[in-house]
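Numbers given in our numbering equal positions in the sequence shown, counted from 1, plus 827.
Ideal Cβ positions, reconstructed from N, Cα and C, are used throughout, including at glycine.
No experiment lies behind these values; they were computed from the predicted model shown.
Structure first, then comments.
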Amino acid sequence: MVEYRIDRRSGVATYVQIVQQTKQALRLGLLEPGDKLPTAREVVEATAINPNTVLKAYRELEREGLVEARRGLGTFVRRSLGAAPADSPLRAELDAWAARARAAGLERDDVAALFTSVLDTHFADSKGDA
């Protein structure tokens, strides 16, 4: 089960932090389809936030099709945000790029820094989204 960590000094709305952390758990495979999210009460007890904030986050996740609320049962994961399939065209391009970077003599840390720099350029408006 996912445990939410709320950073009150981050400047990011609390419900957005819950959405981001849930998406990160979906990407990492910590949450899978069929898994139950913590109840609003459990999140409130663990984080001391308003229950309406938890419900707002869960509604946003539901709107995005990631979870579904089942009356009387809780909120459950509908789909994962796992890795791209091995036959994805973008994955193939990225694989070829990484091979070229290695052949050019770049170390893993150099490739990671370069990739992060490119990500920051193209996704500056969503920096920190999970």
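Proximity of the segment 841 to 850 to the segment 884 to 895 meets the contact definition, three or more beta-carbon pairs being nearer than 8 Å. Around the C-beta of V870, 16 or more other C-beta atoms lie within 10 Å, and the residue is accordingly described as buried. DSSP places R898 in no beta strand (DSSP E); its state is neither H nor E. With contacts defined as CB atoms closer than 8 Å, K883 and Y842 qualify as a contacting pair. By the CB criterion at 8 Å, G901 and L864 fall inside the cutoff. The Cβ atoms of A925 and V938 sit closer than 8 Å to each other.
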